[in-house]
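Colleague: I'd like to ask you about the structure that follows.
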Amino acid sequence: METQAAADSAYGVEVPQKLRHKLERGERVAVDTTRIMDRVGRNSVRVRVVGNASLGWLEAAEDWGCSIEAFVCIDPEAIKLANQLIPQVTVKKPMEAERMPPRARWEGILLGNVLNHDDALLVGTLFSKWKPLVVCLSFPSSFSRRELIQMLPPTTSPYVKKIHTCVHSRFGGVTDSRWHVVTYSRTPTFEDVMNVMTTQTYERELQTALNDVLPPSRERFMFEKVLSPNNSQVGMVTLRQSGKTHSVFAADRLGPDLFAKTPAELQFWVQLQSVWSKRRAILRPVTEAEILAIWDYEGKLLPKHLEERYRTSLVMMRLKSPPAKIIRDFSFRLFERFQAVYTPFRIIDDLRQEIISKYPAEPVVLSPLEMSANVRVAAALPDDAEADLSLWSYPGETEAEAHARNLFRRMVVKWWAWNLEREAWSW
């Protein structure tokens with residue numbers, strides 16, 4: 143019993159032992175199949191995340207279900223956030239990471255975000271120590287090509303290096319943020335995956351990441367138009383009470399690049415279409431949830447258990463990494479290929495046999511009503527055909543009993559409609 147509960151917990155399926163006997167057969171099959179098939183294969187993908195600003199890559203690896211062997215970091219704030227978001231993650235300092243086995247030809251994926259020369263030195267040192275199977279690193283586009291080349295780990299045989307310039311809008315994003323993603327592969331298995339990572343998508347506007355039911359700002363302000371053909375900024379607002387000024391961005395264009403913005407710079411306003419005004423766009427400040435949605439974290443809002451003092455830090459830390467759609471596009475493809483190639487097929491076959499032996503096929507017995515309904519559905523009937531009430535009759539039913547059953551059916555339908563209307567009005 144304890145072994146089964148531990149297995150459930152390890153594979154991310156929490157089913158108390160007291161409730162397992164209450165699950166229907168199909169529910170038990172679904173739970174066990176998810177527990178056995180999904181998590182085992184994904185746990186075989188070994189990942190190590192390196193860098194003080196690599197929280198985005200760490201979250202992606204955790205979301206997909208990888209086995210995260212280490213998060214190498216020295217920033218205390220990043221370590222606290224990692225422990226808050228992923229309590230089971232192992233945080234290691236650079237000296238500890240250098241001594242991690244194996245010392246060479248590690249069969250795993252190294253992920254990292256490089257923002258400065260210290261990050262580049264750390265990644266280069268661990269790259270030479272571990273010799274990982276695949277490396278995926280991100281760099282902000284503010285680096286010139288010369289600076290980028292200087293910070294890259296030296297390429298040695300048999301590694302193949304590729305540099306991808308990624309525009310957020312081409313990955314389904316709503317900003318014009320640009321990033322360099324550099325990949326190294328020790329085997330040709332991953333080269334074709336890296337060639338198809340940038341996909342053509344329909345361009346989205348900033349409006350699609352905003353909440354159009356929020357009301358306009360009630361503060362008194364003065365709006366001044368600004369001409370900026372190369373960016374979505376359309377003006378500035380000055381609050382009359384405090385005198386503070388904020389940039390205003392149009393929601394019918396791409397949004398601003400939020401990378402490394404300060405908390406004050408993130409308090410910008412938007413000009414968007416709203417349900418509060420049919421004729422013209424409204425002006426209001428952007429919310430914290432919309433900031434996360436712009437950076438592709440609309441499905442990953444701030445966790446409820448996260449302490450209040452970490453909320454702002456988490457938003458700022460996520461904005462130091464590439465937008466989540468760029469991270470997911472690269473990392474998920476690598477994870478899926480790694481799982482398909484390096485997960486032993488013997489394990490998957492054994493697990494399938496375990497499911498088949500535990501739940502042998504049983505004949506499905508249909509009731510007479512289900513058999514009659516199947517025959518009627520199979521027949522070609524018009525959409526407005528009258529319902530066949532004989533489906534609810536029982537053998538040997540008299541005409542008087544059939545008439546009484548029909549009257550009772552009408553009474554029940556009228557009561558159902560009356561009760562439904564009553565509940566709607568009370569709500």
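Residue numbering for the sequence shown follows the numbering used here, beginning at 143 and increasing consecutively. C-beta: ideal position from N, C-alpha, C; glycine also.
What is the DSSP secondary structure of P282, counted as helix, strand or coil?
Modeller: If DSSP states are grouped into helix, strand and coil, P282 belongs with the strands.
Colleague: Determine the direct distance from the alpha carbon of W557 to that of G314, and round the result to whole angstroms.
Modeller: Distance between the alpha carbons of G314 and W557: 50 Å.
Colleague: What is the rounded straight-line gap between the Cα of P358 and the Cα of D334?
Modeller: Distance between the alpha carbons of P358 and D334 is about 48 Å.
Colleague: In whole angstroms, what separates the C-alpha of S473 from that of Q375?
Modeller: If you take the alpha carbons of S473 and Q375, they lie about 32 Å apart.
Colleague: What are the complete alpha helix (DSSP H) segments, minimum 4 residues, inside the region 213 to 262?
Modeller: Within the region 213 to 262, the complete alpha helix (DSSP H) runs of at least 4 residues are 218 to 227 and 236 to 240.
Colleague: What are the boundary residues of the beta strand (DSSP E) that includes R421?
Modeller: From DSSP, the beta strand (DSSP E) with R421 extends over S419 to P427.
Colleague: Could you compute how far the alpha carbon of S209 sits from the alpha carbon of R184?
Modeller: Their backbone Cα atoms lie some 7 Å apart in a straight line.
Colleague: In or out: Q413 buried (at least 16 other Cβ within 10 Å) or exposed?
Modeller: That one is buried.
Colleague: Just verifying my parser: in three-state terms, what is the DSSP assignment at Q415?
Modeller: The answer is strand: DSSP assigns Q415 an E or B state.
Colleague: Tell whether a beta-carbon distance below 8 Å holds between Q481 and S186.
Modeller: Yes, these two residues count as a Cβ contact at 8 Å.
Colleague: Quick one: any contact between the region 293 to 311 and the region 231 to 238, if contact means 3 or more CB pairs under 8 Å?
Modeller: Counting Cβ pairs under 8 Å, fewer than three are found: no touch.
Colleague: Would you list the one or two residues that DSSP bridges to A542?
Modeller: The partner list for A542 (beta bridge, DSSP) is empty, contrary to what the question assumes.
Colleague: Are the region 190 to 208 and the region 249 to 262 touching by the rule of at least three beta carbon pairs closer than 8 Å?
Modeller: At 8 Å Cβ cutoff, the stretches touch.
Colleague: Which of the three DSSP states is assigned to R488 in this structure?
Modeller: The predicted position of R488 is uncertain, since its pLDDT is 49 and thus under 50; a value taken from the coordinates is nonetheless stated next. DSSP places R488 in helix when its eight states are reduced to three.
Colleague: Return yes when the Cβ of L396 is within less than 8 Å of the Cβ of D471, no when it is not.
Modeller: Going by C-beta atoms, D471 is not nearer than 8 Å to L396.
Colleague: Taking the straight line between their C-alpha atoms, what separation do you get for L275 and L476?
Modeller: The alpha-carbon atoms of L275 and L476 are separated by roughly 11 Å.
Colleague: Going residue by residue through the region 316 to 375, where are the continuous alpha helix (DSSP H) segments of at least 4 residues, counting only ones entirely within it?
Modeller: Counting only runs of 4 or more, we get 333 to 337.
Colleague: At a cut of 8 Å, does the region 318 to 329 reach the region 399 to 416 through at least three beta carbon pairs?
Modeller: Enough Cβ pairs lie closer than 8 Å, so yes.
Colleague: Leaving out five residues on either side along the sequence, give the residues of the same chain with a beta carbon under 8 Å from the beta carbon of T429.
Modeller: N353 and L356, listed in sequence order.
Colleague: So the alpha helix (DSSP H) R288 belongs to, where does it begin and stop?
Modeller: Residues R287 to M293.
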